[in-house]
Amino acid sequence: MIPSTILAAVQTTVPPTPTWNLSVAIIMIACNVLAFVIGRFAIQNPGKGPDLPASKPAILGNFGIPELLAVASFGHILGTGVILGLANAGAL
């Protein structure tokens, strides 16, 4: 692992990070919805783990806790990449 002091010496400029606002929230929500759509069709063995304690829509019939955690994690990783990419491109 590279010590942070070496990284601080090598990288002279810090890329801009956006503050949390409505456009950032909309992008994060859209990425999470996209991840749910991808997960709905990409998960090969749904419903093998514990079920969600609350009621859910019929389209998420086989979604359990493992699927929810996996899809939400993927959505947040996807959203973070999109937000940072748009911020570095100057579009956000």
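Okay, so the sequence shown: first residue is 18 according to the numbering used here, each after it adds one.
In this text, a Cβ means the ideal position worked out from N, Cα and C, and glycines have one as well.
For F80, there is no enclosing alpha helix (DSSP H), since its DSSP letter is neither H nor E.
Annotation: the continuous alpha helix (DSSP H) that includes N49 extends over L39 to A59. Straight across, the Cα-Cα distance linking S90 with F80 is about 15 Å. About 3 Å separates the Cβ atoms of A52 and G92, confirming a contact at the 8 Å cut-off. Judged by their CB atoms, T34 and A104 are nearer to each other than the 8 Å cut-off.
Cα atoms of V50 and P32: separation of roughly 27 Å, rounded to the nearest angstrom.
Here G56 is buried. Its C-beta has 16 or more other C-beta atoms within 10 Å.
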